[in-house]
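Have a look at the structure below before the remarks.
Protein chains: 2
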Amino acid sequence: MSSRRRRSPERATLSDVAKSAGCSLMSASRALSQPERVSDALRERVMEAVRALGYVPHPAARSLASARSNLVAVIIPSLSNAVFVDTVEAIQRVLMPAGYELMIGVSHYRPEEDERLLRAYLAHQPAGLLVTGFERSDAAREVLGSYDSPIVTLMELSDAEEDYCVGFSQFDAGAQMTRHLLQRGYRHIAFAAAQLDPRTLQRAEGYRQAMREAGRHEPALELLTPAVSSIGLGAELLDQLLARHPEIDAVFFNNDDLALGALFRARQLALEVPQRLAIAGFNDLPAAAWMHPALTTVRTTRGRIGELAGQMLLSLMRGEQPPQRRIDVGFEVVMRDSA
Amino acid sequence: MSSRRRRSPERATLSDVAKSAGCSLMSASRALSQPERVSDALRERVMEAVRALGYVPHPAARSLASARSNLVAVIIPSLSNAVFVDTVEAIQRVLMPAGYELMIGVSHYRPEEDERLLRAYLAHQPAGLLVTGFERSDAAREVLGSYDSPIVTLMELSDAEEDYCVGFSQFDAGAQMTRHLLQRGYRHIAFAAAQLDPRTLQRAEGYRQAMREAGRHEPALELLTPAVSSIGLGAELLDQLLARHPEIDAVFFNNDDLALGALFRARQLALEVPQRLAIAGFNDLPAAAWMHPALTTVRTTRGRIGELAGQMLLSLMRGEQPPQRRIDVGFEVVMRDSA
DNA sequence: CTGAAAGCGCTTACAG
DNA sequence: CTGAAAGCGCTTACAG
Chain A
1 MSSRRRRSPE
11 RATLSDVAKS
21 AGCSLMSASR
31 ALSQPERVSD
41 ALRERVMEAV
51 RALGYVPHPA
61 ARSLASARSN
71 LVAVIIPSLS
81 NAVFVDTVEA
91 IQRVLMPAGY
101 ELMIGVSHYR
111 PEEDERLLRA
121 YLAHQPAGLL
131 VTGFERSDAA
141 REVLGSYDSP
151 IVTLMELSDA
161 EEDYCVGFSQ
171 FDAGAQMTRH
181 LLQRGYRHIA
191 FAAAQLDPRT
201 LQRAEGYRQA
211 MREAGRHEPA
221 LELLTPAVSS
231 IGLGAELLDQ
241 LLARHPEIDA
251 VFFNNDDLAL
261 GALFRARQLA
271 LEVPQRLAIA
281 GFNDLPAAAW
291 MHPALTTVRT
301 TRGRIGELAG
311 QMLLSLMRGE
321 QPPQRRIDVG
331 FEVVMRDSA
Chain B
1 MSSRRRRSPE
11 RATLSDVAKS
21 AGCSLMSASR
31 ALSQPERVSD
41 ALRERVMEAV
51 RALGYVPHPA
61 ARSLASARSN
71 LVAVIIPSLS
81 NAVFVDTVEA
91 IQRVLMPAGY
101 ELMIGVSHYR
111 PEEDERLLRA
121 YLAHQPAGLL
131 VTGFERSDAA
141 REVLGSYDSP
151 IVTLMELSDA
161 EEDYCVGFSQ
171 FDAGAQMTRH
181 LLQRGYRHIA
191 FAAAQLDPRT
201 LQRAEGYRQA
211 MREAGRHEPA
221 LELLTPAVSS
231 IGLGAELLDQ
241 LLARHPEIDA
251 VFFNNDDLAL
261 GALFRARQLA
271 LEVPQRLAIA
281 GFNDLPAAAW
291 MHPALTTVRT
301 TRGRIGELAG
311 QMLLSLMRGE
321 QPPQRRIDVG
331 FEVVMRDSA
């Protein structure tokens with residue numbers, strides 16, 4: 001009934017710590033933030049007081065006073081996609097031990113959401129920012145422009161001098177899988193994709209390029225839908241493809257969820273894979289290798305992407321220049337039994 | 001080169017807004033936070049200034065001054081488990097439109113991590129907190145005790161008067177699936193589980209109870225491992241079970257990933273499911289219904305859990321008393337073809 | 001309905 | 001190596 005501010009009864013402040021340690025507020029502050037610039041005795045007393053009082057620094061106060069924070073914002077398009085979960089986990093594994101906290105934002109593949117998240121998160125003055133891909137709305141780009149801490153882009157590669165990025169060429173991956181299929185003798189190779197985010201479209205371009213090179217490009221064999229990716233959708237896309245183009249002998253699905261659904265449907269239809277129809281996916285999710293037939297797909301090293309991007313950001317946040325501005329982690333076409 | 005603080009060049013403050021709107025700092029503040037308590041003209045001018053200057057409130061300053069924030073912390077054990085992703089997505093869907101931001105923390109099923117996250121997140125003075133389950137370390141419990149904003153617990157149910165929770169009885173779910181298997185005539189029903197988090201152990205207890213009721217409980221048929229759950233692990237657990245107890249005629253796996261792995265392995269071994277061996281899972285992930293044979297499992301409505309928990313927390317943060325302190329969303333045993 | 005003052009809990013130059 | 005003062009950008013009682 002006495003205190004006018006309703007803060008937790010026992011939350012100790014730095015001033016309490018200083019009092020208890022018998023030093024000034026700012027010596028206490030220094031003992032915590034630059035322990036080496038303070039006498040051993042002082043440091044000991046302060047640490048002891050911190051322990052005794054259960055002192056926890058107030059992030060808002062710290063961030064307000066220093067115009068910095070230990071926050072790192074990460075914007076990804078989805079959490080339902082294991083690819084991004086793996087990436088975020090890896091990022092966390094390198095940033096957390098370094099004392100950073102992650103703010104994870106999910107844009108659901110929507111440019112407006114991307115922009116909203118960017119705006120909200122940057123208001124917190126994060127020490128660093130990790131974003132997915134380079135494409136965004138003009139407004140979002142403007143928001144990014146006014147941000148003056150380091151940014152590292154995940155998943156895609158850029159040749160621009162000012163960009164820091166860790167990823168691989170989505171275009172090349174799409175092209176290379178297509179070439180493998182062509183090499184195996186498939187001639188009427190369809191391409192099926194959902195979500196239609198930038199990376200999907202880059203893979204589609206790769207597919208087109210490879211098909212054109214082989215003189216086999218047929219726009220009608222592309223089935224692109226903005227719907228959310230899922231196993232069920234994969235089954236539906238296969239149905240549509242089969243109904244419209246019975247001549248197809250292979251389908252390259254833009255991700256493993258779709259390919260898995262197609263594999264399941266093929267089984268229901270008693271359609272032999274790969275004899276009657278080859279099926280390929282993208283990402284090499286855990287289930288891919290276990291399917292029967294085992295799924296041919298493109299292995300992407302998203303854990304590695306997260307790890308390297310986290311390390312790159314760490315260097316930048318420390319004011320160091322990382323060894324490379326652009327890391328290509330590559331990909332690997334994994335030919336198994338389904339194609 | 002002039003300003004001594006390195007804040008973003010153009011970041012406008014509320015004071016800039018006030019100046020531009022020709023009013024006092026605090027009228028500007030009020031126009032934003034309590035628009036109805038201010039004259040229409042003032043509100044208009046302030047909004048106009050906000051727009052013109054691209055003003056974005058400073059979260060740290062706001063939180064420091066008001067001892068509140070628009071942050072809601074969510075602690076879950078894993079993001080690799082689709083169950084928690086679904087839950088978090090649903091939470092976000094109800095909290096975001098209400099103006100809250102989520103801080104998502106992943107404990108990886110480790111009590112120390114749970115405690116560390118709690119400590120770190122509560123330092124930010126979140127307006128509300130969502131945690132998974134009731135079990136935690138004493139230290140973590142103490143941290144929670146000193147937190148004086150609302151807490152809602154996900155996934156589990158409590159009868160304590162002071163707890164707010166949304167979930168279902170993991171014990172009952174474990175027992176009920178086991179009873180269904182017994183009813184179908186299976187007699188040597190093994191139980192296989194990984195991770196060994198509290199909910200897993202509650203399901204195991206349910207299994208035991210049902211087996212005892214049927215006079216069929218055999219401790220040797222329980223295979224519990226602290227290893228991380230995965231498809232591959234499910235296959236391995238099946239191997240072990242088969243090697244040690246060839247007499248088993250059914251296995252109840254603690255989650256769908258494990259069950260999927262077992263289904264895949266059974267196929268490799270040309271082991272007929274469910275004739276030779278029945279297999280059941282838990283959670284009803286998307287792939288479950290597509291498998292061949294389709295997986296018998298327990299459907300959990302984690303989206304609903306997230307939604308209801310989010311709404312309950314919203315009520316509490318508004319100072320209202322929610323209709324119920326404890327919501328049982330139930331579960332459903334889905335008998336398909338694998339058992 | 002509007003405003004002047006104090007304060008939230010820290011850090012940052014600047015002195016000593 | 002240590003300290004007194006100012007200030008980060010807001011909100012909160014309290015007056016008028």
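Chains as they are written, first to last, in full-length UniProt numbering: chain A, 1 to 339; chain B, 1 to 339. Using N, Cα and C, we set each Cβ at its ideal position, and we do this for glycine too.
Taking Cβ-Cβ distances shorter than 8 Å, what residues in chain A pair up with Val88 of chain B?
Within 8 Å Cβ-Cβ: Leu79.
Excluding the 5 residues flanking Leu308 of chain A on each side, which residues of the same chain have their C-beta closer than 8 Å to its C-beta?
Exclusion of the five residues before and after Leu308 of chain A leaves Val166, Ile327, Val329 as the residues of its chain whose Cβ lies within less than 8 Å of its Cβ.
Beta carbons nearer than 7 Å to chain B: which residues of the stretch 263-274 of chain A have them?
Correct list: Phe264, Arg267.
Please state whether the Cβ-Cβ distance between Ala60 of chain A and Ser63 of chain B is less than 8 Å.
For Ala60 of chain A and Ser63 of chain B, yes; Cβs fall inside 8 Å.
According to the neighbour-count rule (16 or more other Cβ atoms, all chains shown, within 10 Å of its Cβ), is Asp256 of chain A buried or exposed?
The residue is buried, with at least 16 neighbouring Cβ atoms inside 10 Å.
Which runs of the alpha helix (DSSP H), 4 residues or longer, sit entirely within the stretch 50-111 of chain A?
For the stretch 50-111 of chain A, whole alpha helix (DSSP H) runs of length 4 or above, ordered along the chain, are 59-66, 82-95.
Between the alpha carbons of Trp290 of chain B and Ala266 of chain A, how many angstroms are there, rounded?
Rounded to the nearest angstrom, the two C-alpha atoms are 11 Å apart.
What number of angstroms, rounded off, separates the C-alpha of Gly232 of chain B from the C-alpha of Ala288 of chain B?
The straight-line gap separating the alpha-carbon atoms of Gly232 of chain B and Ala288 of chain B is approximately 16 Å.
Under 8 Å by Cβ, that's how I've got Val46 of chain B and Asn283 of chain B pegged, so tell me the actual separation to the nearest angstrom.
About 50 Å; that fails the 8 Å criterion.
Close-in-space but distant-in-sequence residues of the same chain around Ser3 of chain A (CB under 6 Å, 5 per side omitted)
Since pLDDT at Ser3 of chain A reaches only 32, below the 50 mark, its modelled position is unreliable, and the value read off the structure follows with that caveat. Correct list: empty, nothing qualifies.
Continuous alpha helix (DSSP H) stretch holding Ile231 of chain A: start and end:
Counting along the chain, Ile231 of chain A sits inside the alpha helix (DSSP H) bounded by residues 231-244.
Against chain A: residues of the stretch 103-117 of chain B by CB proximity under 8 Å
Flagged, chain order: Met103, Ile104, Val106.
Can at least three beta-carbon pairs, one atom from the stretch 187-197 of chain B and one from the stretch 246-265 of chain B, be found at a separation below 8 Å?
Verdict: yes, contact present.
Decide yes or no for the touch test of the stretch 65-77 of chain B against the stretch 115-125 of chain B: beta carbon pairs closer than 8 Å, at least 3 of them.
Verdict: yes, contact present.
Output needed for Asp197 of chain A: all residues of its chain with C-beta closer than 7 Å, excluding positions within five of it in sequence on either side, in chain order.
Excluding residues within five positions, the ones whose Cβ falls inside 7 Å are Pro77, Tyr109.
In its own chain, which residues sit with a C-beta less than 8 Å from the C-beta of Gln321 of chain A, not counting the 5 before and 5 after it?
Counting only Cβ-Cβ distances below 8 Å, and skipping sequence neighbours, we find Ser315.
Using only CA atoms, which one of B:Gly133, B:His124, B:Pro150, B:Val17 lies nearest to Gly319 of chain B?
Comparing Cα-Cα distances from Gly319 of chain B to each of B:Gly133, B:His124, B:Pro150, B:Val17, the minimum goes to B:Pro150.
Can the beta-carbon of Met211 of chain B be found closer than 8 Å to that of Ala280 of chain B?
No, the Cβ-Cβ distance between Met211 of chain B and Ala280 of chain B is not below 8 Å.
If you draw a straight line from the alpha carbon of Val228 of chain B to that of Tyr207 of chain A, how long is it in whole angstroms?
As the crow flies, the alpha-carbon of Val228 of chain B is around 37 Å from that of Tyr207 of chain A.
Closer than 7 Å at the beta carbon, the chain A residues around Glu101 of chain B:
Those are Ala120, listed as they occur along chain A.
Can you pull out the residues from the stretch 283-314 of chain B whose beta carbon lies closer than 7 Å to at least one beta carbon of chain A?
Flagged, chain order: Pro286, Ala287, Trp290, His292.
Using a Cβ-Cβ cut-off of 7 Å (strictly less than) and excluding sequence neighbours within five positions of Arg6 of chain A, which residues of its own chain qualify?
Any reading at Arg6 of chain A must be qualified, since the residue scores a pLDDT of 39, below 50, and its modelled position is unreliable; no value is offered.
Within 10 Å of its beta-carbon, does Thr26 of chain A have 16 or more other beta-carbons around it, so buried, or fewer, so exposed?
Note that residue 26 of chain A is Met in the sequence shown here, rather than Thr. Flag for Met26 of chain A reads exposed.
On the criterion of 16 or more Cβ atoms from any shown chain inside 10 Å, does Ala220 of chain A qualify as buried, or is it exposed?
Exposed, because fewer than 16 other Cβ atoms sit within 10 Å of the Cβ of Ala220 of chain A.
Give the straight-line distance between the Cα atoms of Arg304 of chain B and Ala90 of chain B, rounded to the nearest whole angstrom.
The C-alpha of Arg304 of chain B lies about 7 Å from the C-alpha of Ala90 of chain B.
Just confirm the distance between the C-beta atoms of Phe264 of chain B and Thr300 of chain B, as a whole number of angstroms; I'd bet it's less than 8 Å.
At roughly 22 Å, the Cβ-Cβ gap does not stay under 8 Å, so Phe264 of chain B and Thr300 of chain B are not in contact.
At the level of alpha carbons, what is the spacing between residue 350 of chain B and Cys23 of chain B?
What the structure shows of chain B is the stretch from 1 to 339, and residue 350 of chain B is not part of that stretch, so it cannot be assessed.
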